[in-house]
Amino acid sequence: MAVWTRAGKAGLLELLLRERWVRVAAELSGEALSLTAEPGGGEAAAALNGVVNGSAEAAAPGCVRRVRVVKAEAGGLGISIKGGRENRMPVLISRIFPGLAAERSGALRLGDAILAVNGVDLRDATHDQAVQALKRAGREVILEVKFMREVTPYIKKPSLVSDLPWEGAAPQSPSLSGSEDSGSPQHQGPRDRKVIPLKMCFAARNLSMPDLENRLIELHSPDSRNTLILRCKDTATAHSWFTALHANIAALLPQVLAELNAMLGTGGAAAGGREVKHIAWLAEQARLDGGRQQWRPVLMAVTEKDLLLYDGMPWTRDAWASPCHSYPLVATRLVHSGSGRRSPALGSELTFATRTGSRQGVEMHVFRVETHRDLSSWTRVLVQGCHAAAELIKEVSVGCTLGGQEVQLSIHYEGGFTICRGEPGGSVLFRYPYERLKMSADDGIRTLYLDFGGPEGELALDLHSCPKPIVFVLHTFLSAKVTRMGLLV
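Residues in the sequence shown are numbered consecutively from 585, following the working numbering.
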């Protein structure tokens, strides 16, 4: 396995928490990512995405601002409001939804009081009247707003400890204490902080959330139940943080392999080909209704004999024994590896595909990796794994029918093809080395055709089921032999 150098890094980022961007101080160590809420962190957009409405003074309390927001074809304005006359409060912006019109304007903030919508005065409006005015506003909305710092306690601020779900994350402080404005950082009380262990996390980009600005980083939990979205100030910063996260996660893989193999007891010959050779997260292409496609996280493990796919990290024997898919390496081949269509976040998608011969036909999976190094690693692991499985298994046999007679076809990695009568100890009907094979084909349903150039002519073998597994095994045996002879590298 490749040797990875662990990176250390620290800086100010934004965290998507309860549909709000929260400013956090991030610190990356060899095994964990620590996130600490910054004072005033609920106003992350104003801090990292430029001043509000064009000037710093415009965001000051008491200053009335006119904000123009243009809604997209779908998605609406993208705000939630609280307050209203019946609550003895102004109409307040309590939530700004990421990626929608209000957030994209960069001119609104939590705690803004909405005074008017397209000229309709809302100073004395009820909550329902304000909702209806916003709904009737049309595609272009002119808001008169005023930031009111005194009402911000009314809007609950996200807490990293209570609001960031993450299995195995260690809260460093159970609650916030003290005022945001009291004292310098070194004199403040306990901070709202969480530590995310990186072991078997999945760092990705442009996977579960669109990232047209190339500023987002996704961190998926080992059980795949939780996703953490970080936003950086620019593309270069996002690339730097992603590279560091990815390198630190990869550096932990040798430790994960050692723990897995110890748990499975795969140190001896009795392990039955279960020794785990490689394991890592990647993205699999999934087809949705209507022909649409999307990428979803999937964990791939390669053992001595099998390729296994999981939805989450299998830390126990029972979980390991229950993969989503299990494919024999000897009946699997790598059919594509390289750059695919363009991607907004990565420049080009780095993909590879596998095809496996099964009783249901050919099963194909398309995977996406995050770096060229990942692509090279998976290409090498799969090709070498298939060839090693061929040498380990040596021989595959299948019962079939030839000319109305029950026979057994055996393909040996070294010895080639043998066709015997079906009864125990049946006599050999045909035996040919690989070099005598002139042609092979199948009908994709149940028949395998082999032609060795002998007097019997072409042999039509009825396998009683889809012939693809034996066809793929034959391909793997031949590929492994050619590679061993030095004719392929």
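Beta carbons: idealized from backbone N, C-alpha and C, even for Gly.
Nothing here was measured: the structure is a model prediction, and the numbers come from that model.
Bounding residues of the alpha helix (DSSP H) (the contiguous stretch that carries residue 958)
Against the sequence shown, residue 958 aligns to sequence position 374. It spans 956 to 977 - the alpha helix (DSSP H) in which residue 958 sits, taken as one unbroken run.
Candidates 674, 713, 655 and 705: which alpha carbon is nearest residue 689's?
By one-based count along the sequence shown, residue 689 stands at place 105. Cα-wise, what sits closest to residue 689 is 655.
Which same chain residues end up closer than 7 Å to residue 841 when comparing Cβ atoms and leaving out the 5 residues on each side of it in sequence?
To locate residue 841, count along the sequence shown from 1; it is residue 257. Once the five neighbours on either side are set aside, the close Cβ partners of residue 841 are 860 and 863.
Range covered by the beta strand (DSSP E) that runs through residue 686:
As a working note, residue 686 is residue 102 in the sequence shown. That residue, residue 686, is in no beta strand (DSSP E); its alpha helix (DSSP H) goes 685 to 689.
Taking the continuous alpha helix (DSSP H) assigned at residue 650, which residues delimit it?
Translated into positions along the sequence shown, residue 650 becomes position 66. Unbroken run through residue 650 is the beta strand (DSSP E), 648 to 654; no alpha helix (DSSP H).
Since residue 782 and residue 793 should fall inside the 8 Å C-beta cutoff, what is the C-beta to C-beta distance between them, to a whole number of angstroms?
As a position in the sequence shown, residue 782 is number 198, starting the count at 1. As a position in the sequence shown, residue 793 is number 209, starting the count at 1. Not quite, the Cβ-Cβ distance comes to about 20 Å (not below 8 Å), so this is no contact.
Using only alpha-carbon positions, find the residue among 884, 1007 and 697 that is nearest to residue 963.
In the sequence shown, counting from the first residue as 1, residue 963 sits at position 379. The shortest C-alpha separation from residue 963 is found at 884.
Taking 9 Å as the CB-CB limit, is residue 815 close to chain B?
Considering every chain present, this structure includes no chain B. It has just one protein chain.
Here's the rule: buried if 16 or more other CB atoms are within 10 angstroms of the residue's CB, otherwise exposed. What is residue 719?
One-based indexing of the sequence shown puts residue 719 at position 135. Under this definition residue 719 is an exposed residue.
If we call anything under 9 Å between Cβ atoms a contact, is residue 651 one with residue 709?
As a first step, residue 651 must be located in the sequence shown, where it is residue number 67. As a first step, residue 709 must be located in the sequence shown, where it is residue number 125. Contact: no.
Where residue 825 falls: helix, strand or coil (DSSP)
Counting from 1 along the sequence shown, the entry for residue 825 is found at position 241. If DSSP states are grouped into helix, strand and coil, residue 825 belongs with the helices.
At the level of alpha carbons, what is the spacing between residue 1051 and residue 945?
The count along the sequence shown starts at 1 and reaches residue 1051 at position 467. The count along the sequence shown starts at 1 and reaches residue 945 at position 361. Near 8 Å, if we compare the C-alpha coordinates of residue 945 and residue 1051.
Could you check whether residue 920 and residue 937 sit closer than 9 Å to each other, using their CB atoms as the reference points?
Against the sequence shown, residue 937 aligns to sequence position 353. Against the sequence shown, residue 920 aligns to sequence position 336. Yes. Within cutoff.
Please state if the CB of residue 951 and the CB of residue 869 are separated by a distance shorter than 9 Å.
Taking the sequence shown and counting its residues from 1, one reaches residue 869 at position 285. Taking the sequence shown and counting its residues from 1, one reaches residue 951 at position 367. Yes. Within cutoff.
Quick check: the Cα distance between residue 886 and residue 892, rounded to an integer number of angstroms?
Here residue 886 corresponds to residue number 302 of the sequence shown, with the count starting at 1. Here residue 892 corresponds to residue number 308 of the sequence shown, with the count starting at 1. Between residue 886 and residue 892, the C-alpha separation is close to 6 Å.
By DSSP, does residue 833 sit in helix, in strand, or in coil?
Residue numbering aside, residue 833 sits at position 249 when the sequence shown is read from its first letter. Of the three classes helix, strand and coil, the one that applies to residue 833 here is helix, per DSSP.
What would DSSP say about residue 669, mapped onto helix, strand or coil?
As a working mapping, residue 669 is identified with position 85 in the sequence shown. Residue 669: helix per DSSP, three-state reduction.
Backbone secondary structure at residue 705 - three-state DSSP
As a position in the sequence shown, residue 705 is number 121, starting the count at 1. DSSP places residue 705 in strand when its eight states are reduced to three.
Assumed close pair residue 836, residue 615 - CB separation to whole angstroms, cut-off 8 Å:
Taking the sequence shown and counting its residues from 1, one reaches residue 836 at position 252. Taking the sequence shown and counting its residues from 1, one reaches residue 615 at position 31. Correct: roughly 7 Å between the Cβ atoms.
Output yes or no for whether 9 Å exceeds the beta carbon distance between residue 715 and residue 677.
Position 131 of the sequence shown holds residue 715. Position 93 of the sequence shown holds residue 677. Their beta carbons are not under 9 Å apart, which means residue 715 does not touch residue 677 by this criterion.
Return yes when the Cβ of residue 667 is within less than 9 Å of the Cβ of residue 735, no when it is not.
The residue labelled residue 735 in the question sits at position 151 within the sequence shown. The residue labelled residue 667 in the question sits at position 83 within the sequence shown. For residue 735 and residue 667, yes; Cβs fall inside 9 Å.
8 Å Cβ shell around residue 970 - same chain, five flanking residues per side excluded:
Locating residue 970 in the sequence shown gives position 386, where the first residue counts as 1. These residues qualify, in order along the chain: 913, 914, 916, 917, 918, 1060, 1063 and 1064.
Count the other C-beta atoms from every protein chain shown that fall within 10 angstroms of the C-beta of residue 1012, then say buried if there are 16 or more, exposed otherwise.
Position 428 of the sequence shown holds residue 1012. Result: exposed.
Who pairs with residue 1016 in a beta bridge, going by DSSP?
Taking the first residue of the sequence shown as 1, we reach residue 1016 at position 432. Its beta-bridge partners are 1001.
Segment limits, alpha helix (DSSP H) that includes residue 804
Here residue 804 corresponds to residue number 220 of the sequence shown, with the count starting at 1. No alpha helix (DSSP H) contains residue 804, which is instead part of the beta strand (DSSP E) from 800 to 804.
Report the CB separation of residue 1046 from residue 1030 in whole angstroms; it is logged as a contact under 8 Å.
The residue labelled residue 1046 in the question sits at position 462 within the sequence shown. The residue labelled residue 1030 in the question sits at position 446 within the sequence shown. With a Cβ gap of about 6 Å, residue 1046 and residue 1030 count as contacting.
Tell me which same chain residues have a C-beta within less than 6 Å of the C-beta of residue 985, skipping the five on either side of it?
Residue mapping note: residue 985 aligns to position 401 of the sequence shown, counting from 1. Contacts found: 1046.
Whose CA, out of 790, 653 and 699, lies closest to the CA of residue 673?
Start at 1 with the first residue of the sequence shown, and residue 673 comes out as number 89. The residue with the shortest Cα to Cα distance from residue 673 is 699.
Where residue 1024 and residue 1039 are concerned, what is the direct C-alpha to C-alpha distance, given to the nearest angstrom?
In the sequence shown, counting from the first residue as 1, residue 1024 sits at position 440. In the sequence shown, counting from the first residue as 1, residue 1039 sits at position 455. Using only the alpha carbons, I get a separation of about 16 Å.
Beta strand (DSSP E) containing residue 786: first to last residue?
The count along the sequence shown starts at 1 and reaches residue 786 at position 202. 786 to 788 is the span of the beta strand (DSSP E), which, as asked, contains residue 786.
Reference residue 809, options 744, 785, 822 and 820, closest by Cα
Working through the sequence shown from its first residue, we reach residue 809 at position 225. The shortest C-alpha separation from residue 809 is found at 785.
Looking only at DSSP bridge pairs, what is residue 711 linked to?
For the purposes of this step, residue 711 is taken as the residue at position 127 of the sequence shown. Its beta-bridge partners do not exist; DSSP assigns none.
For residue 730, which beta-bridge partners are listed by DSSP?
For this step, residue 730 is matched to residue 146 along the sequence shown. Per DSSP, 648 and 697.
DSSP on residue 879, reduced to helix/strand/coil?
Residue numbering aside, residue 879 sits at position 295 when the sequence shown is read from its first letter. Looking at residue 879 - three-state DSSP - the assignment turns out to be strand.
How close, in whole Å, do the beta carbons of residue 941 and residue 1066 come, if the pair is a contact with beta carbons under 8 Å?
Here residue 941 refers to the residue found at position 357 of the sequence shown. Here residue 1066 refers to the residue found at position 482 of the sequence shown. Not quite, the Cβ-Cβ distance comes to about 19 Å (not below 8 Å), so this is no contact.
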